[in-house]
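Notes follow once the structure below has been shown.
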Amino acid sequence: MDIDHAAALTRLTRYFETLTRQSVGNLGEFYVPNVYLKTPLHEVRSAAEVAGLLTRLFERVEVPHIEITATLLQHNQALLVWNLHFHTKRWLDDEQVIHGASHLRLAVDGRVAYQRDYWDATEDIYVKLPVFGRLLRWLRHRLFR
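Residues -10 to 134 (our numbering) are what the sequence shown spells out, left to right.
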């Protein structure tokens, strides 16, 4: 049976764009049980661990929303370009945005078997923190100017 990877990718992007705390429970429809996921901050090897990361996201930030801005698909590999919009619960009042991209490999059934997320943790998170951000900005100025 040939899987329609374009249809699978469309379903996945809709899932991400409408993700809620409750829909994290449906992750198994979109990820194989032994999925490998690596981000700048985490590395996990199961759908249960991915669900745990997403659950913690909903616990730590307010109103997280993923906006998919572009998709590319070649055979069973895809690239998603995205923005994660959210509000922090502690440090910053304004909406925050993490700009990133995800390289995906889809399994024969269309679910995600591999995901590697690329985004700049320093620029999108650390430099915005009150004390740590000031130190990073000073270091960047000293090292690269």
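We put the CB at the ideal spot given by N, CA and C, even for glycine. All values reported here derive from a predicted model rather than from experimental measurement.
Whole angstroms are fine: how far does the CA of V50 sit from the CA of D82? 12 Å
Let me confirm a value: R100 is counted as buried when at least 16 other C-beta atoms fall within 10 Å, else exposed. Which label applies? buried
When burial is assigned at 16 or more other CB atoms within 10 Å of the CB, is F19 buried or exposed? buried
Under the rule that 16 or more other beta-carbon atoms within 10 Å means buried, what is D(-7), buried or exposed? exposed
Spatial neighbours of L43 in its chain, beta-carbon cut-off 6 Å, leaving aside the 5 residues before and after: V13
Can the beta-carbon of V24 be found less than 8 Å from the beta-carbon of Q104? yes
Enumerate, from N- to C-terminal direction, the unbroken beta strand (DSSP E) stretches of 3 or more residues contained entirely within the region 45 to 69. 50 to 63
Are the region 23 to 41 and the region 66 to 78 touching by the rule of at least three beta carbon pairs closer than 8 Å? no
In terms of DSSP beta bridges, what is Q11 paired with? Answer by DSSP bridge pairing: none, since Q11 is not bridged.
Could you tell me which residues DSSP puts in a beta bridge with D106? S91
CA-to-CA distance, L1 to I57, given in whole angstroms: 10 Å
Alpha helix (DSSP H) containing L1: first to last residue? -6 to 6
Alpha-carbon to alpha-carbon, R3 and V86: 19 Å
Report the three-state DSSP secondary structure of L30 (helix, strand or coil). coil
How big is the Cα-Cα spacing for V97 and F133? 46 Å
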